[in-house]
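So for the sequence shown, my numbering puts the first residue at 43; every next one is plus one.
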Amino acid sequence: MQTETTDFIPVSSRRVVAALHEISGLTGLPRPSDEIGVIDALCQWIMAASDEEKAVAGLDLPVPPKVIHHVAGRYPIFYDFRNLDIVLTELVRAGAKIEGRFLDFGCSSGRSLAVLKRAFPDRLELFGVDPSGASINWLEQHIDGVTACQSSQSPPLGFADDFLDIVIAKSIWTHFSPPAAKAWFAEIGRCLKPGGHFFFSTHGPHDVASRILRDLPRPKYERYTGHPHWTRDEFLMAIIEGFRADGHFFAAFREIYHQSDLRGAAQPTTADWGLSFLLPGFVETLLPEGLSVVRHEAARTASRHDAYVVRKAA
Ligand SMILES: C[S@@+](CC[C@H](N)C(=O)[O-])C[C@H]1O[C@@H](n2cnc3c(N)ncnc32)[C@H](O)[C@@H]1O
43 MQTETTDFIP
53 VSSRRVVAAL
63 HEISGLTGLP
73 RPSDEIGVID
83 ALCQWIMAAS
93 DEEKAVAGLD
103 LPVPPKVIHH
113 VAGRYPIFYD
123 FRNLDIVLTE
133 LVRAGAKIEG
143 RFLDFGCSSG
153 RSLAVLKRAF
163 PDRLELFGVD
173 PSGASINWLE
183 QHIDGVTACQ
193 SSQSPPLGFA
203 DDFLDIVIAK
213 SIWTHFSPPA
223 AKAWFAEIGR
233 CLKPGGHFFF
243 STHGPHDVAS
253 RILRDLPRPK
263 YERYTGHPHW
273 TRDEFLMAII
283 EGFRADGHFF
293 AAFREIYHQS
303 DLRGAAQPTT
313 ADWGLSFLLP
323 GFVETLLPEG
333 LSVVRHEAAR
343 TASRHDAYVV
353 RKAA
C-alpha cells in the first residue's frame, strides 16, 4: 500500500540546503545534489543542530504552543518543507513561476511562509492571512519580512484587485461549506493578477479509500452536526451518498470548542467550517468565470488530499 506521495521536486528544500552550504562552519549538511531524501536529511539536521548552528542557519524558530499552531508535522520542528514542496511542485508543473506576490491563505503560524522566506529571500513578497488572531500575532512576532493579517471568516480580504501572483490554501477547502468555498474562490479570483495561479487542496474519493485502508484519521464523529452516533462506516457511506447525489459532502463542526484554531478568531462561527469532501466536477461548479482548473492531482498531499491549481484568465 502506498502510504505517502514521493513524486515531487524539493523546490524549496533544495534551495535552503544550497544556501546552508554557503555558510561556513556548518557540518553534516545534506548534499545539495541529493533530490531523494533531502527533506528527511534537512529535518534531521535541524533536529540535531545546536541552537547556535540553527541561528546561523536561519532555521531557529521553535514550534509554537498548540493553542497557536494547529498543525501536526512528521518531525518535531516548525518548518513544513515536505508539504510546501508538494504544493510548489504542483504550481511549477502547472506552469507557475515561483516569484512575485505570494499569499498563504489560512497560514496558521506561518510554517510554510517561514520556509518560503528562507528559500526565496529575494524573489517573493510574502503575505499570510488567517482568522486565528493568536496564530497571526505569533507569526508577526517571530517571522519578519512577511505581511501578516488576521482575516475574517468571510470575504473580503484587504488586497486590491489583481494584486497577487500566487495564492496557496493548504487544508482549507477541506473544511469549507459549499457556499463558503464558492465565495472564497470568487474573492481569491478578484485578488489574483490575470495569469496568476492558485493552489488548493480538497478531500476527494481517495481520502475515503485511505480512511478505510488505514482507519486513519478517526474523526470524532460527535464533533460534527447532525450525526452524534455515527460509526465510521455510516460516516463513509454518508460521504459516498453525497458524492452520488451532487458531488459533495459537508458536515459543520458542532461547536467552536471542537475546532481549536477558530477559538482565536473574532466572533467565530462554525456554520461554514467543518469537514468537506468534493468531487472535481463539483469543484468546477463553484469556480467563478475567469478561474479555470489547469491541474488536478488526486491523493497528492500525504496521499490523501487532492491538489488543484487554477489559473486566472490573462
Ligand atoms: C488545517 S489548518 C492548515 C494551516 C496551514 N494552511 C498549513 O497547512 O499548515 C487550517 C487553518 O485554516 C484557518 N481558517 C479557518 N477558517 C478560515 C477562513 N475562513 N479563511 C482562511 N483560513 C481559515 C484556521 O485558523 C487554520 O489555521
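Note that CB positions come from ideal geometry on N, CA and C, so glycine has one too.
Original post:
What number of angstroms, rounded off, separates the C-alpha of Ile140 from the C-alpha of Arg160?
Top reply: 14 angstroms
Original post:
Which word fits Gly11, buried or exposed, when buried means at least 16 other C-beta atoms lie within 10 angstroms of its C-beta?
Top reply: Missing from the structure shown is residue 11; the chain here goes from 43 to 356 and no further.
Original post:
Just to confirm, does Phe147 get its C-beta within under 7 angstroms of one of the non-hydrogen atoms of ligand 1?
Top reply: yes
Subject >> Contact test: Leu304 Cβ vs ligand 1 heavy atom, cutoff 7 angstroms >> reply: yes
Subject >> Closer than 8 angstroms to chain D by CB, Pro163 >> reply: Reference to chain D is not applicable here, since this structure consists of a single protein chain.
Subject >> ligand 1 heavy atom lying under 7 angstroms from the CB of Arg153 >> reply: yes
Original post:
Is the CB-CB distance between Met89 and Tyr121 below 8 angstroms?
Top reply: no
Subject >> DSSP state of Phe50 mapped onto helix, strand, coil >> reply: coil
**OP:** Mind checking who Lys354 pairs with in its DSSP beta bridge?
**Re:** Leu333
Original post:
Given Thr327, which residues of its chain have a CB within under 7 angstroms of its CB, disregarding the five upstream and five downstream residues?
Top reply: none
Subject >> Best match in Ala355, Thr48, Asp49 and Pro52 for proximity to Asp204 [C-alpha to C-alpha] >> reply: Ala355
**OP:** Between the Cα of Glu77 and those of Val209, Arg57 and Gly187, spot the shortest distance and give me the residue it belongs to.
**Re:** Arg57
Subject >> DSSP state of Ile119 mapped onto helix, strand, coil >> reply: coil
Original post:
Going by the C-beta, is Ile214 closer than 7 angstroms to any heavy atom of ligand 1?
Top reply: yes
Original post:
Thinking C-beta only, is Ser154 closer than 8 angstroms to Asp172?
Top reply: no
Original post:
Between the Cα of Arg353 and the Cα atoms of Pro72, Val134 and Gln86, which residue gives the shortest distance?
Top reply: Val134
Original post:
Under three-state DSSP, which class holds Ile298?
Top reply: helix
Original post:
Where in the segment 117–187 do unbroken runs of the alpha helix (DSSP H), each at least 4 residues long, occur, reported from the N-terminal end onward?
Top reply: 123–135, 153–161 and 175–184
Original post:
From Ala176 to Ile110, what distance separates their C-alpha atoms?
Top reply: 6 angstroms
Original post:
Beta carbon of Asn125: closer than 7 angstroms to some heavy atom of ligand 1?
Top reply: yes
Subject >> Span separating the alpha-carbon of Ala61 from that of Val209 >> reply: 25 angstroms
Subject >> Closest Cα partner of Glu167 within the set Asp303, Ala190, Phe292 and Ser150 >> reply: Ala190
Original post:
Does DSSP put Ala60 in a helix, in a strand, or in coil?
Top reply: helix
Original post:
Taking three-plus beta-carbon pairs below 8 angstroms as touching, is the segment 336–348 in contact with the segment 268–284?
Top reply: no
Original post:
Between the beta-carbon of Ala83 and the beta-carbon of Pro74, is there less than 8 angstroms?
Top reply: no
Subject >> Which of helix, strand or coil DSSP assigns to Ile230 >> reply: helix
Original post:
Cα-Cα, which of His245, Phe291, Ile281 and Ile230 is closest to Phe239?
Top reply: Before going further, note that residue 239 is His rather than Phe in the sequence given. Comparing Cα positions, the closest option is Ile230.
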